[in-house]
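**Q** Be aware that the sequence shown starts at 92, since it is given in the working numbering, and climbs by one per residue.
Beta carbons: idealized from backbone N, C-alpha and C, even for Gly.
Quick one: structure below, then a few questions.
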Amino acid sequence: MIRKTALVLAFLLASPEAWATDYAALNKALVETQVIPRYQALEQATGALRQSADAFCAAPDAAGYAALTESFHGAVDGWQSVQHIRFGPVELFMRSMRLAFWPDPRNSAGKQLSELLASRDESQITQDAFQSSGVAVQGFPALERVLFEEEALAKFTAKSADSAFRCKLVTAISRNLADMAKDIREDWTKPDGYAHTVAIAGTPGTHYQEPKEATLDLFKSLYGTVEIVADHKIARPMGASLDKARPRLAESWRSARSMRNVVLNLEAGQALYLGGFSAAVAASDKKLDDLFRRAFTQTIATANSVSLPLEQAVEDKSARARLQQLVKESGAMKQLFTQRLTAVLDIPAGFNAMDGD
92 MIRKTALVLA FLLASPEAWA TDYAALNKAL VETQVIPRYQ ALEQATGALR
142 QSADAFCAAP DAAGYAALTE SFHGAVDGWQ SVQHIRFGPV ELFMRSMRLA
192 FWPDPRNSAG KQLSELLASR DESQITQDAF QSSGVAVQGF PALERVLFEE
242 EALAKFTAKS ADSAFRCKLV TAISRNLADM AKDIREDWTK PDGYAHTVAI
292 AGTPGTHYQE PKEATLDLFK SLYGTVEIVA DHKIARPMGA SLDKARPRLA
342 ESWRSARSMR NVVLNLEAGQ ALYLGGFSAA VAASDKKLDD LFRRAFTQTI
392 ATANSVSLPL EQAVEDKSAR ARLQQLVKES GAMKQLFTQR LTAVLDIPAG
442 FNAMDGD
């Protein structure tokens with residue numbers, strides 16, 4: 092614990108030193124090695140999910156259900172590994188919220204799903220209609236509710252009007268996820284797509300007045316990785332104290348994968364840093380780059396040290412200590428980003444990484 096605390100202090104004491112960053116080269120490297128490959132992986136994983144849903148619902152049984160839930164986890168892995176990219180095509184047509192409406196403080200997904208399942212109105216889950224339905228029922232959280240609720244398999248295999256509609260809903264959500272992932276990837280990679288928009292940043296009349304503006308979007312994605320972990324995915328279910336823990340505020344408590352989400356988020360942030368930001372920092376301050384690298388390594392190790400599912404860990408005294416350390420380390424990284432990395436990159440520190448702007 093002493094070593095970890097010393098590392099947290101070191102995060103905050105590193106000195107900034109600005110230098111002339113090649114923003115265009117940095118942007119190109121990150122788009123080509125981090126952004127596009129991750130959306131390609133999401134497209135592939137959601138395509139597999141769609142196929143599994145179709146296969147299961149053609150003849151629902153235990154084996155098909157196991158294959159479907161495995162594909163669900165693969166697709167969520169893909170989303171959690173690119174969730175930090177909060178600009179560009181994912182923000183068009185409310186795609187980010189439609190992919191994963193979370194946090195959901197008003198239980199919109201639960202209410203809308205209950206109404207939909209009660210109505211069994213197939214006109215609401217046609218491809219065109221479903222894309223325009225409430226965002227809370229279109230994505231991963233809604234699919235998790237249907238796949239992992241109590242007695243889910245029995246409800247799918249009951250050979251009733253309800254079971255038939257449940258399967259149609261699962262295929263509708265899976266199709267919607269696959270379509271959105273494909274559209275996002277295409278909107279990045281087509282000849283006049285968003286990768287091109289980033290590449291021509293600074294050209295008169297284009298979206299970005301200068302390459303640095305695109306770098307700021309990428310930086311906000313990096314910062315947002317630790318922000319969502321520290322302030323939302325861990326802090327919300329932890330509550331203020333052990334007796335005030337709120338396990339059902341964990342992101343994916345039904346499928347018991349909330350901590351896996353956190354690890355994937357942090358690993359994605361680490362990859363984004365190493366994929367381009369690291370070289371820019373090292374050219375200015377090698378010690379600061381080493382500090383960033385150690386910070387990510389330590390924070391990911393702390394996340395991996397939480398062996399219980401998050402919804403159990405928040406109510407376990409020993410596990411909570413690790414979660415508190417994770418929040419502390421993530422919070423220190425947030426400060427390090429805003430106080431040190433912004434100085435090296437010469438970009439503004441005042442922003443909201445979660446607003447998608």
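#1: Please determine if the segment 168-185 and the segment 195-215 are in contact, where contact requires at least 3 C-beta pairs separated by less than 8 Å.
#2: Give the secondary structure of Ser214 by DSSP, where H, G and I count as helix, E and B as strand, and everything else as coil.
#3: By how many angstroms is the C-alpha of Arg276 removed from the C-alpha of Gln131?
#4: Is Asn198 helix, strand or coil by DSSP?
#5: Please say whether Thr124 and Gly366 have beta carbons closer to each other than 7 Å?
#6: Starting from Ser254, trace the alpha helix (DSSP H) in both directions and tell me its first and last residue.
#7: Between Ser369, Gln142, Ser349, Val353, which has its C-alpha nearest Val261's C-alpha?
#8: Short check: CB of Ser349 to CB of Glu235, under 7 Å?
#9: How is Pro338 classed by DSSP in three states: helix, strand or coil?
#10: Please confirm whether Ala394 and Ser265 have their CB atoms less than 7 Å apart.
#11: Return the Cβ separation of Arg189 and Val237 in integer angstroms, given the expectation that the two are a contact with Cβ distance under 8 Å.
#12: Rounded to a whole number of angstroms, what is the C-alpha to C-alpha distance between Ala423 and Met185?
#13: Would you please verify whether the beta carbon of Val126 is less than 7 Å from any beta carbon of chain B?
#14: Helix, strand or coil for Thr429? Go by DSSP, reduced to three states.
#15: Is Pro302 helix, strand or coil by DSSP?
**A** In brief:
#1: no
#2: helix
#3: 6 Å
#4: coil
#5: yes
#6: 252-280
#7: Gln142
#8: no
#9: helix
#10: no
#11: That pair is no contact at about 16 Å.
#12: 31 Å
#13: Absence of chain B from the displayed structure is noted, only one protein chain being present.
#14: helix
#15: helix
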